[in-house]
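**Student:** Just so you know, the protein sequences line up as chains Z and W, in that order.
According to my numbering, the first sequence is numbered sequentially starting from 1.
According to my numbering, the second sequence is numbered sequentially starting from 471.
Glycine included, every Cβ here is placed at the ideal spot set by N, Cα and C.
If you're wondering where the values come from, they're calculated on a predicted model, not measured in any experiment.
My questions will all concern the structure given below.
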Amino acid sequence: MAVLDSIDVGDGPRGPAPYSSVTNPCKLCAPLGAALAFRGLEGAVPFLHGSQGCATYMRRYVISHFREPMDVASSSLGEKDAVYGGGPNLKLGIKNVLEKFQPRLVGVASTCLTETIGDDVPGIIKEFMEELGRLNPDLALPVVVTVSTPSYSGSHADGFHHAVRAVVETLAGTAPPLSASPAVNLMPGLLSPEDIRELKDILQGFGLTAAVVPDISGTLDGPALEDYPLVPQGGTPLALLRSLHGAGATVELGRNLPETGTAGTFLRDAWGVPLYRLGLPVGLRETDRFLEVLSRVSGRPVPERYEEQRGRLVDAYVDGHKVVFGQRAAVFGEEDLVVGITAFLAEIGVQTVLCASGGGRGRLRHAVRDVTADLVPEAPRVLEKADFRAIEEELDRLRPDLLIGHSKGYPAARRLGIPLIRVGFPVHDRFGAQRLLHVGYRGALRLLDQIVNTIFERRQEESPVGYGYL
Amino acid sequence: MTGSIYAERSAQIHRKGEEPFRMVCNKESLAGAVSQRACVFCGSRVVLYPVADALHLVHGPVGCAVYTWDIRGALSSGPELHRLSFTTDLQETDVIFGGEKKLKRALMELIPRHRPQAAFVYATCIVGLIGDDVEGVCRQVSAETGIPVIPVQSEGFKGNKRAGYQAACRALFHLVGTGDTTGIGPLSVNILGDFNLAGEIWIIRRYFESLGLQVVANVTGDGRVGDIRRAHGAALNVVQCSGATLELARMMEEAHGIPYLRVSYVGVEDVADAIYRVAEFFAHRDPGIMDRARRLVRSELEKLLPQLARYREALQGKRAAVYTGGAFKAFSLVKAFRHLGMEVVLVGSQTGTEEDYRELHEITDPGTIIVDDSNPLELSAFIKEKDVDIFVGGVKERPIAHKLGVGFCDHNHERKIPLEGFEGMLHFAEEVYRSVMSPVWRFVPRRLEEPRGVRLQAVRR
Chain Z
1 MAVLDSIDVG DGPRGPAPYS SVTNPCKLCA PLGAALAFRG LEGAVPFLHG SQGCATYMRR
61 YVISHFREPM DVASSSLGEK DAVYGGGPNL KLGIKNVLEK FQPRLVGVAS TCLTETIGDD
121 VPGIIKEFME ELGRLNPDLA LPVVVTVSTP SYSGSHADGF HHAVRAVVET LAGTAPPLSA
181 SPAVNLMPGL LSPEDIRELK DILQGFGLTA AVVPDISGTL DGPALEDYPL VPQGGTPLAL
241 LRSLHGAGAT VELGRNLPET GTAGTFLRDA WGVPLYRLGL PVGLRETDRF LEVLSRVSGR
301 PVPERYEEQR GRLVDAYVDG HKVVFGQRAA VFGEEDLVVG ITAFLAEIGV QTVLCASGGG
361 RGRLRHAVRD VTADLVPEAP RVLEKADFRA IEEELDRLRP DLLIGHSKGY PAARRLGIPL
421 IRVGFPVHDR FGAQRLLHVG YRGALRLLDQ IVNTIFERRQ EESPVGYGYL
Chain W
471 MTGSIYAERS AQIHRKGEEP FRMVCNKESL AGAVSQRACV FCGSRVVLYP VADALHLVHG
531 PVGCAVYTWD IRGALSSGPE LHRLSFTTDL QETDVIFGGE KKLKRALMEL IPRHRPQAAF
591 VYATCIVGLI GDDVEGVCRQ VSAETGIPVI PVQSEGFKGN KRAGYQAACR ALFHLVGTGD
651 TTGIGPLSVN ILGDFNLAGE IWIIRRYFES LGLQVVANVT GDGRVGDIRR AHGAALNVVQ
711 CSGATLELAR MMEEAHGIPY LRVSYVGVED VADAIYRVAE FFAHRDPGIM DRARRLVRSE
771 LEKLLPQLAR YREALQGKRA AVYTGGAFKA FSLVKAFRHL GMEVVLVGSQ TGTEEDYREL
831 HEITDPGTII VDDSNPLELS AFIKEKDVDI FVGGVKERPI AHKLGVGFCD HNHERKIPLE
891 GFEGMLHFAE EVYRSVMSPV WRFVPRRLEE PRGVRLQAVR R
C-alpha cells in the first residue's frame, strides 16, 4: 500500500490522501540546489542564510560526490537572531566573506529558518550594499544575488533552477551586449562537470560564444593546486552573465521546467531573447534535437565530428541491440535526468517499467510520454513525490533487470539483487562521479557500454560455464 | 598568516610557546567564516543515531533527514532501523497551519509499521519557530502505542553542536531507569560515547568482558532501548567522547548514584589506561581483576608492538595535523602519532572546552598551533605553513588536504575501519602509512622538486 506514499500520476485521478511520513527520501532540499548553482559562477561564494548546520551538511553532501572543496558560507544564526531577525548576522557574514574570500559574486540562498522568521533578504542586502558603498566609496562592490529557497518547498532541482533564474534576473542587462557573435545562452540544468565540458565543447564546435549558466566544469572538478582555492577557478564569466540579454538565443534544457518563471523565460519576456526549450541531450534523438537547435542558432551545419560520433553511436546501438532488448529498467532521481535516461533506454529497446522522482513538478508523465511514445508499446509507470519506500514497493512488484539512478538507490538494489547503474547526483559510493558523462552522443555511448557490460557481467556470473567470449 | 584569520577569531587560535596559554572557545561560529561545525540537530543525531531499535523521526523539511540518512558507520549486531531515514517532510501548508497533526499521523503510521522499541522525534529549526507542541504529541502517541516516544529538542539554531549533545542526553535520560535491572551483577558497566563505528564497541566490549565485567548497555553504539532502560543497574559508566555523553553520565550519577570514568580507546597509551582504570575501579570487589587487566594489555601489546615497528620506521619525523569534532580524540591522536614517531603540528576541534584546550596545550610540542572552530581558510593556511604530511579529520576536511596535495586519514564517523583499541592502533598506523607513503605526492604541485616534463632524447643511430 505504500504506493500511496507518492502521488501516482500514471493512473488518472489522485487516489486516497498520501502518507504523512516520508521514508528514505528521493530528493534533497532547495537550498542545496541553489548552492550548487552558485558554485558554477565565476568568482562566486555560495552563502546560506540560516543555521550553521545547513551549510555544513550540504558541504559534506556535495564534497562526498565531487571530491572537491565546497565552501559554503553561513550567517550562522543563533536563538536571538531567530527572535530579532537575521539581518545583522547576514550583513556580518557577507562582510566577512568579502574580507577573506574577495569574491566577485555572493549567492545568498534563504532556508526554512529565515523564510519562516520573515527576513527580507533582498531588502537587507540592499541596505548592506548601500552602507558598504558609503563607507568604501572606492571599493569595487561585488554582486550579491539573492534567492528564496525555503526548504519546505520544492526539491534541490527547484532550488537550482530558482537560483539560476535569480542570477540571470540580477545580472542580465547590466553591461552592453558582447560584440562577439553569434552568442547563445545555455541553461544546462543539474549536470555533471564532465557533461558541462562536453556541452561547451559542442557549443564551441558550432563557433558559438556561449554563456553556460551555471558552469561547474572547473569549479567542481579542478586540478591539484599549490594553494587552497577559496574561490575556485572557472564558472560562468561575470562579463557573459551581464550580457546574457544580448544573445541570439537561449537554450534551456529540461522537459520538466515550468512554462514560466525560469531563466530562459525571463530573458525571453524581459529582453526578447528567443528561447529554445529542450530535454537534456541524453541519447540519440535528444542530442539530435540539441544539435539541430545549435545549428539553427549558429547558422552552421552540424560539424563533421558530431556526424562521426553519431555514426559510431548508431553502430554501437546495432552491435548491442540484442543484449539490451527487452531488458526491464527502473529509473529514478532528478526529473529531467529521469526523462533523458528514459528517452535513451527507449531507443535501445530497454523497457522502462518505472520512472520515479522525489520532485513534484507534475510534468514527469507527459515528459516521459513525449520522449518515448513512438518507441515503446507500454508507457512506464510514473511516480512523482516518491520516497524510496514507494519506489521499493513498485520494484518488488515490477522486478526490473536494471536500476538506473543515483547512489541512494543502493539499499534497494542490494536487497533486491538488481544491478544499479549510477547516474546523476548524488553518487556517494563510487569513484569519479564528477566525471560521469550523460550527455551528447558520447554520453549515450558511455551509458550503452555500461549497460551492456553490466548485463554481460551478470551473465558471466550466473553462467555455470564461465564463457570468456560474450 | 594574519591574512587568513578573522580578527574576531584570533583568540580562538593559540601557538604554543609564543604566548601564555589563553583560548576562547564554546562560542557561536562567526558568520561568513565557513565553520566546519554543524548545528544542534547534528549533535543530537550523532548521539542518538546508533540506537538501532528506535525509530528516528526528523520533524521538519526533508533536508535535515536526508543529509543524515545512513551516513555514519555505526554498526548494529541486530536491528537496523537506525539506518532508515524518516521525516515528516514539512511543506509550506504545514508551516502555515502547524505540523502537529502531520507529526502525529506520521508516528501513527511508522510505529505500527516498524514496531520500534521507542521513538525519538527530532525538532528541527522550523518546528521551534512554528511552535508545534512536540512534547504533547509525543505524550499522546506514547499513550496510544505503549512505547516511549521521546522529543529531542534539537532545533538547529538554538546553540551549537554541544547543545545538541545535551538534548540527546536528556532524551536518553527519559529511558534510563524505566527497565528491570534483574540479573545485573556488581561487576558491571555501561559504555557511553562510543559509536560502534566499524564495530569498535565490539572490540571494547571484548576487553571489558575479558576482565570479567558485564556490559549492561552500549548506549550510543549498537544501542538498544531495552538496555538503556536498565542501564541504571550498572555499577559504573565508562565515558568516551566526553563532549557527547558526559551530560548523561552526570545525570545518571545524580539520579542513580552511578559514578563515571572518562576514558579514550584511541591510541596505545589511552586504551591501556582505560582498561587499567576500569579494572582499578572494581579491584576492591574483584581482587583478581588487575591481574587480568595486565595480562590483557600485555598480550595485546605483544601482538601489536612488533607490527607497529615497521610503520614507525617509515613514518618517523613526518608531520601531522588533527582536526576533530570533540577534543577528546585529539588528545589521543597526539599521543598516537607520537607513538608512530610523528609530530602533531596543528590540532583543533569543533567543540572543545577551555579545559580541553588547556590539556592539548600541555601535551603538544612547542610551536604547535591549537585552534577552536576552524575553517578551510585557516586550516589550509596552517597546513601549508607547517608543511604537513597527513591531515586527520572528517569528510569536510578531506578536500582541503587533498586539494593541497596532503595525505588524509578519516577518523570521523564515516570510517569503515576500526581505529579503536589495540588492533585499531594498528589499523590507524596502516591508514597513515598508506596515505603518507603513497608515491602520488611526488606529482602534486606542492611537492614538485624538479621542473615538469620528461626529458626527451632522440634515439641515435
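Go ahead and pull the three-state DSSP assignment for V929(W).
**Tutor:** V929(W) falls in the coil class under three-state DSSP.
**Student:** How would you call N136(Z), buried or exposed, if buried means at least 16 neighbouring beta carbons within 10 angstroms?
**Tutor:** So N136(Z) ends up on the exposed side.
**Student:** For E286(Z), collect the residues of the same chain with a Cβ closer than 8 Å to its Cβ; drop the 5 residues on either side in sequence, then sort them by chain order.
**Tutor:** Closer than 8 Å at Cβ, skipping near neighbours: L278, G279, L280, G340, A343, F344 and V371.
**Student:** Which residues in chain Z sit within 8 Å of E562(W), going by Cβ to Cβ distance?
**Tutor:** Chain Z residues near E562(W): P150, Y152 and S153.
**Student:** If you check the beta carbons only, do L662(W) and V709(W) fall under 8 Å apart?
**Tutor:** Their beta carbons are under 8 Å apart, which means L662(W) touches V709(W) by this criterion.
**Student:** Which residues in the same chain have their Cβ closer than 7 Å to the Cβ of G10(Z), if we skip the five residues on either side of it in sequence?
**Tutor:** For G10(Z), the pLDDT reaches just 40, beneath the cut-off of 50, and the residue's location in the model is therefore unreliable, leaving the point undetermined.
**Student:** Please list the terminal residues of the continuous beta strand (DSSP E) segment that includes D842(W).
**Tutor:** From DSSP, the beta strand (DSSP E) with D842(W) extends over I839 to D842.
**Student:** Short check: CB of V106(Z) to CB of D387(Z), under 8 Å?
**Tutor:** Going by C-beta atoms, V106(Z) is not nearer than 8 Å to D387(Z).
**Student:** Output the boundary residues of the beta strand (DSSP E) element that contains R277(Z).
**Tutor:** L275 to L278 is the extent of the beta strand (DSSP E) around R277(Z).
**Student:** Tell me which residues of the stretch 566 to 586 of chain W have at least one Cβ-Cβ distance to chain Z shorter than 7 Å, keeping chain order.
**Tutor:** Those would be K572, R575, A576, E579 and L580, in chain order.
**Student:** Compare the beta carbon distance of G359(Z) and S155(Z) with 8 Å and say whether it is the shorter of the two.
**Tutor:** Contact flag set, yes.
**Student:** Between Y730(W) and F798(W), what straight-line distance do the alpha-carbon atoms span, to the nearest angstrom?
**Tutor:** If you take the alpha carbons of Y730(W) and F798(W), they lie about 16 Å apart.
**Student:** Give me the chain Z residues within the contact set of T558(W), using Cβ-Cβ distance strictly less than 9 Å, ordered along the chain.
**Tutor:** Those are S20, S21 and V22, listed as they occur along chain Z.
**Student:** Between the C-alpha atoms of E614(W) and A390(Z), what's the straight-line distance to the nearest angstrom?
**Tutor:** When rounded, the distance between both Cα atoms is 26 Å.
**Student:** Can the beta-carbon of C595(W) be found closer than 8 Å to that of F627(W)?
**Tutor:** In this structure, F627(W) lies closer than 8 Å to C595(W) by Cβ.
**Student:** Is the stretch 48 to 65 of chain Z in contact with the stretch 417 to 436 of chain Z, if contact means three or more CB pairs nearer than 8 Å?
**Tutor:** Contact holds: three or more Cβ-Cβ distances are below 8 Å.
**Student:** Less than 8 Å between the beta carbons of A484(Z) and A247(Z), yes or no?
**Tutor:** Any answer about residue 484(Z) is impossible in this case: the structure gives chain Z only from 1 up to 470.
**Student:** Listed from N- to C-terminal order along the chain, which residues in the stretch 596 to 619 of chain W have their beta-carbon within a distance smaller than 9 Å of any beta-carbon of chain Z?
**Tutor:** From the stretch 596 to 619 of chain W, only I596, G598, L599 and I600 have a Cβ closer than 9 Å to chain Z.
**Student:** Can you give, in chain order, each stretch of the beta strand (DSSP E) that sits fully within the stretch 102 to 177 of chain Z and has at least 3 residues?
**Tutor:** Fully enclosed beta strand (DSSP E) runs of 3 or longer: 105 to 110 and 143 to 147.
**Student:** Which full runs of the beta strand (DSSP E) of 3+ residues lie inside the stretch 521 to 580 of chain W, going along the chain?
**Tutor:** 524 to 529, all fully within the stretch 521 to 580 of chain W.
**Student:** CB I673(W) to CB E498(W), shorter than 8 Å?
**Tutor:** No, the pair does not count as a contact, with Cβ atoms beyond the cut-off.
**Student:** Please name the residue or residues paired with M187(Z) in a DSSP beta bridge.
**Tutor:** E252(Z).
**Student:** Look up C26(Z) in the DSSP assignment and say whether it is helix, strand or coil.
**Tutor:** Three-state result, C26(Z): coil.
**Student:** Near T250(Z), what residues of its chain come up, given a Cβ to Cβ distance below 6 Å and the 5 sequence neighbours on each side ignored?
**Tutor:** Cβ within range, chain order: N185, G264, L267, V273 and L275.
**Student:** What span of residues does the beta strand (DSSP E) with F332(Z) cover, start to end?
**Tutor:** From DSSP, the beta strand (DSSP E) with F332(Z) extends over R328 to F332.
**Student:** Candidates Q52(Z), P176(Z) and Q309(Z): which alpha carbon is nearest C534(W)'s?
**Tutor:** Considering only alpha carbons, the answer is Q52(Z).
**Student:** Ordered along the chain, which non-local residues of its own chain (more than five positions away) have a Cβ less than 8 Å from that of A175(Z)?
**Tutor:** The answer, listed in chain order, is A239, R242 and S243.
**Student:** Just to confirm before moving on: does the CB-CB distance between G50(Z) and L92(Z) stay below 8 Å?
**Tutor:** No. Outside cutoff.
**Student:** Would you mind stating whether D215(Z) and G466(Z) have Cβ atoms separated by less than 8 Å?
**Tutor:** No, Cβ-Cβ distance for D215(Z) and G466(Z) is not below 8 Å.
**Student:** Taking all protein chains shown into account, do 16 or more other C-beta atoms lie within 10 angstroms of the C-beta of A373(Z), making it buried, or fewer, making it exposed?
**Tutor:** A373(Z) comes out exposed.
**Student:** Please work out which residues of its chain come closer than 6 Å, Cβ to Cβ, to R747(W), disregarding the five sequence neighbours upstream and downstream, and give them in chain order.
**Tutor:** Answer for R747(W): L731, listed in chain order.
**Student:** Run the CB neighbour count on T563(W), radius 10 Å, all protein chains shown included, and call it buried at 16 or more, exposed below.
**Tutor:** The residue in question, T563(W), is exposed, as its Cβ has fewer than 16 Cβ neighbours within 10 Å.
**Student:** Any beta carbon of chain Z sitting closer than 8 Å to that of E498(W)?
**Tutor:** Yes, its Cβ sits closer than 8 Å to a Cβ of chain Z.
**Student:** Would you decide whether M1(Z) is buried or exposed? Buried here means 16 or more other CB atoms lie within 10 Å of its CB.
**Tutor:** Any reading at M1(Z) is ruled out, since the residue's pLDDT is 32, under 50, leaving its predicted position unreliable.
**Student:** Count the other C-beta atoms from every protein chain shown that fall within 10 angstroms of the C-beta of D71(Z), then say buried if there are 16 or more, exposed otherwise.
**Tutor:** Buried: at least 16 other Cβ atoms inside 10 Å.
**Student:** Taking Cβ to Cβ, would you say V611(W) is nearer than 8 Å to L577(W)?
**Tutor:** It is a contact, given that the beta carbons lie within the stated cut-off.
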